[in-house]
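**Student:**
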Amino acid sequence: MKKRTRNIIRVSTIVAIVVLTGITLWFNFTKDNATTKVGDKAVDFKLKSLEGEEFQLHEVTKDKGVIINFWGTWCKPCREEMPDLNRAQVDHNDDDVIIITVNVSEKPQQIEQFLRGLGEDMSLTMLLDPNRSVTKAYNIGPLPTTIAIDKNNKIVKKQEYQLSKQDIESFIEAVQE
Numbered sequence: 004m005k006k007r008t009r010n011i012i013r014v015s016t017i018v019a020i021v022v023l024t025g026i027t028l029w030f031n032f033t034k035d036n037a038t039t040k041v042g043d044k045a046v047d048f049k050l051k052s053l054e055g056e057e058f059q060l061h062e063v064t065k066d067k068g069v070i071i072n073f074w075g076t077w078c079k080p081c082r083e084e085m086p087d088l089n090r091a092q093v094d095h096n097d098d099d100v101i102i103i104t105v106n107v108s109e110k111p112q113q114i115e116q117f118l119r120g121l122g123e124d125m126s127l128t129m130l131l132d133p134n135r136s137v138t139k140a141y142n143i144g145p146l147p148t149t150i151a152i153d154k155n156n157k158i159v160k161k162q163e164y165q166l167s168k169q170d171i172e173s174f175i176e177a178v179q180e
């Protein structure tokens, strides 16, 4: 009888773990799809730039398409795509597009050290998300993740992981349409 009771407890425990894991995964996957789908309205936000200036998304999307790149200095693909994003901003500076970067929860000193190591003048708007509020609002998972927002404040393109030069041009075209 003792052995049978132990087996029932083991099986019940395993079933409970499987059910709870399934429920947790279901909630996580349904939540992740909530705000970052192409076609959805962009979530407005206000963040400070690396220089300390305030940036509010809806103020910019009135006149320009916006490409937002979420990144971290510790992320190798983020570091690799940064010079290409910067060159694209320089090349399209007169167009109706702005490329901004949102650093996910790092200190300004870390970012400045990384930028000095690039050896380039950066034309990108660098925003700080110290408590990950914008990162969470957009349900950003892996870094880098890039989102394109058109002048109507609608998400028109999204890509997780590193962008190629062609990908960057595709994002620029998407916000100019």
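In this note's numbering, the protein residues as written are 4 to 180.
The beta-carbon is built from N, C-alpha and C at its ideal position, and this holds for glycine as well.
Every value quoted in this text rests on a predicted model; they were computed, and no experiment measured them.
#1: Check each candidate in Gln92, Asp94, Leu131 and Asp124 and name the one with the smallest Cα separation from proline 111.
#2: Can you tell me whether glutamine 169 is buried or exposed? The criterion is at least 16 other CB atoms within 10 Å of its CB, across all chains shown.
#3: What did DSSP end up calling aspartate 124 once you bin it into helix, strand or coil?
#4: With alanine 45 and isoleucine 175 assumed to form a contact (beta carbons below 8 Å), what rounded beta-carbon distance in angstroms separates them?
#5: Tell whether a beta-carbon distance below 9 Å holds between leucine 50 and valine 93.
#6: Between arginine 40 and alanine 177, what straight-line distance do the alpha-carbon atoms span, to the nearest angstrom?
#7: Taking the alpha helix (DSSP H) that alanine 140 falls in, what are its first and last residues?
#8: Is DSSP giving alanine 45 helix, strand or coil here?
#9: Please identify the residue among Met129, Phe73 and Ile152 whose C-alpha is closest to the C-alpha of aspartate 43.
#10: What are the start and end residues of the beta strand (DSSP E) that includes lysine 79?
#11: Taking lysine 168 as part of the alpha helix (DSSP H), name the residues at either end of that continuous run.
#12: Just to confirm, is the Cβ distance from threonine 64 to asparagine 155 under 9 Å?
#13: Checking the sheet assignment: what are the DSSP bridge partners for glutamine 59?
#14: Using C-beta distances below 6 Å, list every residue in its chain close to glycine 144, excluding the 5 sequence neighbours before and after it, in chain order.
**Tutor:** A quick look at the data gives this:
#1: Leu131
#2: exposed
#3: coil
#4: About 17 Å separates the two Cβ atoms, so there is no contact after all.
#5: no
#6: According to the sequence as given, residue 40 is lysine; it is not arginine. Cα to Cα, lysine 40 sits roughly 15 Å from alanine 177.
#7: 136-140
#8: coil
#9: Ile152
#10: First-last for lysine 79: 79-94, but that is the alpha helix (DSSP H), not the beta strand (DSSP E).
#11: 168-179
#12: yes
#13: Lys49
#14: none
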